[in-house]
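Following: one structure in structure tokens, then a few remarks.
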Amino acid sequence: MLTIFYILLTSSFLMVITGIFLFYKSYQVSSFNKDAIKFCSLINEGLITFSKRVFSSIIQIILYTTIILFFFSIIFKKSFLWQQIGAFSMGGLFICVISFVILYLAPSFIPKILEKSNTYLYRAVLFQYQISSALSFFIIGLTITGLLLSYLIFGASSIIGYGVGIILSSFFLRIGGGLFKSGAQLSVQSHLETSDISAFDKRNPALLLDLVGDYICRIVGFNSDILGSFIFSLISCFLFSFSFFDNSSYSQSESLIFFNVPLYIILISLFTSFIVYIYTTIRIKFRKTQNILLESLYLAILISSITTYLAFEYLNMSQTVINIFGQTALFQPFYYYLFGLLGAILIAFTSEYLTSNNYKPTKRLARQIEHGVPVTVLNSFVIGLKSNSFYLIYLLLIILPSLYFGGFYGVTIASLGMLSLSTTIMVLQIFNSFVSVTYKVSELTLDENLDGKSTILHNIKQLNYLGQTAISLGNGFAAGAASISTISIFFSLILMANINSNILILMNLKWYCGLIIGIMIPCIFSGLLLKKLNELFLFTSQEVYRQIKGIAFLIENKAHPDIILATDQHSRFCMDALIIPGIIMSLPPIIIGYMFGPTFLIGIVLGVFLTGINQNFYWANLGDVLGNAKLYIEKGHFGGYNSNNYTTIDTASRIGNTFKDLLGPSINIFIKSVIIISFLVMILTT
Numbered sequence: 192m193l194t195i196f197y198i199l200l201t202s203s204f205l206m207v208i209t210g211i212f213l214f215y216k217s218y219q220v221s222s223f224n225k226d227a228i229k230f231c232s233l234i235n236e237g238l239i240t241f242s243k244r245v246f247s248s249i250i251q252i253i254l255y256t257t258i259i260l261f262f263f264s265i266i267f268k269k270s271f272l273w274q275q276i277g278a279f280s281m282g283g284l285f286i287c288v289i290s291f292v293i294l295y296l297a298p299s300f301i302p303k304i305l306e307k308s309n310t311y312l313y314r315a316v317l318f319q320y321q322i323s324s325a326l327s328f329f330i331i332g333l334t335i336t337g338l339l340l341s342y343l344i345f346g347a348s349s350i351i352g353y354g355v356g357i358i359l360s361s362f363f364l365r366i367g368g369g370l371f372k373s374g375a376q377l378s379v380q381s382h383l384e385t386s387d388i389s390a391f392d393k394r395n396p397a398l399l400l401d402l403v404g405d406y407i408c409r410i411v412g413f414n415s416d417i418l419g420s421f422i423f424s425l426i427s428c429f430l431f432s433f434s435f436f437d438n439s440s441y442s443q444s445e446s447l448i449f450f451n452v453p454l455y456i457i458l459i460s461l462f463t464s465f466i467v468y469i470y471t472t473i474r475i476k477f478r479k480t481q482n483i484l485l486e487s488l489y490l491a492i493l494i495s496s497i498t499t500y501l502a503f504e505y506l507n508m509s510q511t512v513i514n515i516f517g518q519t520a521l522f523q524p525f526y527y528y529l530f531g532l533l534g535a536i537l538i539a540f541t542s543e544y545l546t547s548n549n550y551k552p553t554k555r556l557a558r559q560i561e562h563g564v565p566v567t568v569l570n571s572f573v574i575g576l577k578s579n580s581f582y583l584i585y586l587l588l589i590i591l592p593s594l595y596f597g598g599f600y601g602v603t604i605a606s607l608g609m610l611s612l613s614t615t616i617m618v619l620q621i622f623n624s625f626v627s628v629t630y631k632v633s634e635l636t637l638d639e640n641l642d643g644k645s646t647i648l649h650n651i652k653q654l655n656y657l658g659q660t661a662i663s664l665g666n667g668f669a670a671g672a673a674s675i676s677t678i679s680i681f682f683s684l685i686l687m688a689n690i691n692s693n694i695l696i697l698m699n700l701k702w703y704c705g706l707i708i709g710i711m712i713p714c715i716f717s718g719l720l721l722k723k724l725n726e727l728f729l730f731t732s733q734e735v736y737r738q739i740k741g742i743a744f745l746i747e748n749k750a751h752p753d754i755i756l757a758t759d760q761h762s763r764f765c766m767d768a769l770i771i772p773g774i775i776m777s778l779p780p781i782i783i784g785y786m787f788g789p790t791f792l793i794g795i796v797l798g799v800f801l802t803g804i805n806q807n808f809y810w811a812n813l814g815d816v817l818g819n820a821k822l823y824i825e826k827g828h829f830g831g832y833n834s835n836n837y838t839t840i841d842t843a844s845r846i847g848n849t850f851k852d853l854l855g856p857s858i859n860i861f862i863k864s865v866i867i868i869s870f871l872v873m874i875l876t877t
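Heads up, the sequence shown is in my numbering, so the first residue is 192 and it goes up one at a time.
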């Protein structure tokens, strides 16, 4: 057991080192574009200002949660496990380290990408892919290392606390980042009629906030969301195996197999990431850049599935178990893993088909843009609702066979199968987000007299188009990962708390009350976020107006917006706006868990989950299809960039961004937060 454990710990640490090495290698590239360097320093100042605010909020939530749990433990005379708090703090600390690295270093690479784009396209693609891989390796490696160290330092059950730390930190990064981005984007066009500053102008304070929001929301926020789902799946697998060790129904050797299965899956996933990186790098060096991102994803799926099959066959992981119907069944972990992997593919590519501008649904939506914003938004709702029905069917196709053949543990293996693609998905998402910002910066900062400007702009545009090939995979995958990982940890919650699974169908008052409250809470939560977004828009618009009118020589382009003040006020409002939603998310499970017991708590968790899975994928795709329709028109279709159709779709897209950047991701984090807090309370009270 310890051999594979320490091999995985060493491998995850090596992944961190590899990420740092690639960072260092990329950082050595020189840049001579002074305008881009100066402009990116403004973005960097904004990101550092935001990071100070969010780190302060994370430290406060760790402290306040500890005090509340300690207070309730004394009142209800329950045990208080300091090991859980230690792991909880470690999870929050590791997320802070990851966020700091991304927020502090990321903008400095933009001028370097522009420099690499001055000659051949493949050099820019290679450099960008190297940066994206470095971030992904560092994030995944450090998170796995933290989980395994938590297990060694604080004990087996402490991994629950580590998960709480990860999720509550992600709450501020994902939801706070979504609020930051949505508020800035809505404010970009405010008060511009009073000056000659356009929406896309480096003198516009809201545009700078929008670029800062791209990093916060689409790199840090997205990755923290995926990390939460990834850790959920891994924790649930570990918790099941721990319970099997205590269960006399299984021998020590059989329980050891249950423990080793997730370790081998993650180890193979890390190995696959290295192979895919090497292969993709070689392909790019040979100038085979067309569709290289999706090609790397296909390769990751192929290598991981074949390697996992061969490893499980060689190690003889199959054994006889009793399924949930009391029948004898053959435990074959590869097939449950494959169910999850295939489910990830179905969810990601259904999202791609329904929302990408390469396929009919988005093209049809773009064709109807001439009828105005209301019709366009209504059509996006149609696509969102349609996609959600497919999504729920795919969840059933993953869960039902896994549950029938492998029981609850089969579902957790399926969720880990889906999340085994996390490293590659992160690379694609980081690549797309990075080149999107770089493209905007290049248009804002490149001097007309700069040598090679046309080459740089052409290569950056091609780089941006390459990033867009995988643009629709991210939000769909995040929604699916959140749902399946929540299901897996929900089952492990029932098992670890020694609760009879019949509690799911028992018709008693506590269960019904919990279910109704659970269904109600996400609606209140989402409504509060939209209310705060409206207030943030008004607040930011006033600051934009003040800076445009109050900063001397800004309109003459002889001064810069005060990005530090704007970001600090914007960030403070975002963090303050999360106080009441955070209380609604965390306090009910704690109070109800201590006062009314597990039956009521299970009802709340189930209600939150049922509401969440009917919203997250739907909202994500609704926003994605509007954004991709905008890109389709931007490429020259239906009048192109300078047409009235583009103005119309741009307005509709801003509405859609609220759904995909704020509401969809917030539900992902919300359902995970409620269930992990409920899990921790269950452990402390039973």
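Glycine included, each C-beta is placed from N, C-alpha and C at the ideal position.
For the alpha helix (DSSP H) that residue i lies in, which residues bound it at each end?
| i | result |
| --- | --- |
| T480 | Neither: T480 is in no alpha helix (DSSP H) and is coded neither H nor E. |
| F363 | Careful: F363 lies outside any alpha helix (DSSP H) and carries neither H nor E. |
| G847 | N835 to T849 |
| C408 | No alpha helix (DSSP H) holds C408; DSSP gives it neither H nor E. |
| R244 | K225 to I266 |
| R394 | First-last for R394: undefined, no H or E at that position. |
| D753 | No alpha helix (DSSP H) contains D753, which DSSP labels as neither H nor E. |
| Q274 | W273 to L296 |
| Y814 | According to the sequence provided, residue 814 is Gly. The question's Tyr does not apply to it. G814 -> alpha helix (DSSP H) spans N807 to E825. |
| N699 | From DSSP, N699 is part of no alpha helix (DSSP H); its letter is neither H nor E. |
| L556 | K551 to R558 |
| L792 | P789 to I804 |
| E306 | I301 to K307 |
| K863 | G855 to T876 |
What's the C-alpha gap between residue i and residue j?
| i | j | result |
| --- | --- | --- |
| I574 | I746 | 42 angstroms |
| K652 | T498 | 37 angstroms |
| I678 | I286 | 23 angstroms |
| S221 | K229 | 14 angstroms |
| F291 | C428 | 30 angstroms |
| Y197 | K701 | 44 angstroms |
| G601 | Y527 | 6 angstroms |
| Q376 | V452 | 45 angstroms |
| I858 | S341 | 27 angstroms |
| K531 | F525 | With the sequence shown as reference, residue 531 is identified as Gly, and Lys is not the correct amino acid for it. If I take the Cα positions, the gap works out to 10 angstroms. |
| M177 | V799 | Missing from the structure shown is residue 177; the chain here goes from 192 to 877 and no further. |
| V245 | Q443 | 45 angstroms |
| G709 | S611 | 30 angstroms |
| M786 | F263 | 10 angstroms |
| A750 | N414 | 35 angstroms |
| I469 | A397 | 40 angstroms |
| S203 | T336 | 6 angstroms |
| L150 | M281 | Lying outside 192 to 877, the shown extent of the chain, residue 150 is not represented and no answer is given. |
| S270 | T790 | 20 angstroms |
| N835 | I824 | 11 angstroms |
| I538 | L521 | 28 angstroms |
Between residue i and residue j, how many whole angstroms is the CB-CB distance? I'm expecting something under 8 angstroms.
| i | j | result |
| --- | --- | --- |
| I426 | G354 | 5 angstroms |
| F716 | P780 | Wrong, their Cβ atoms sit about 13 angstroms apart, outside the cutoff. |
| I459 | S495 | 6 angstroms |
| S542 | G667 | 3 angstroms |
| A315 | K307 | 5 angstroms |
| L576 | Y809 | 6 angstroms |
| L465 | A325 | Note that residue 465 corresponds to Phe in the displayed sequence, not to Leu. Not a contact, Cβ separation roughly 13 angstroms. |
| V403 | I293 | Actually they are not in contact, since the Cβ atoms of V403 and I293 sit about 12 angstroms apart, beyond 8 angstroms. |
| G855 | G814 | 7 angstroms |
| I366 | I330 | Actually they do not touch by this definition, with Cβ atoms about 19 angstroms apart. |
| F449 | F435 | 5 angstroms |
| S299 | N235 | 7 angstroms |
At the 9 angstroms Cβ level, is residue i part of the contact set with chain C, yes or no?
| i | result |
| --- | --- |
| Q319 | Protein chains in the displayed structure number just one, and chain C is not present. |
Is residue i near the ligand SAH, in the sense that its beta carbon is under 8 angstroms from a heavy atom of that ligand?
| i | result |
| --- | --- |
| W273 | No copy of the ligand SAH appears in this structure; indeed no ligand is present at all. |
- Contiguous alpha helix (DSSP H) assignments of at least 4 residues, all confined to the stretch 604-656: Runs of the alpha helix (DSSP H) inside the stretch 604-656: 613-636.
- Query: Which whole runs of the beta strand (DSSP E) in the stretch 309-385 are 3 residues long or more, in chain order?
  - Reply: Counting whole runs of 3 or more residues, the stretch 309-385 contains no beta strand (DSSP E) stretch at all.
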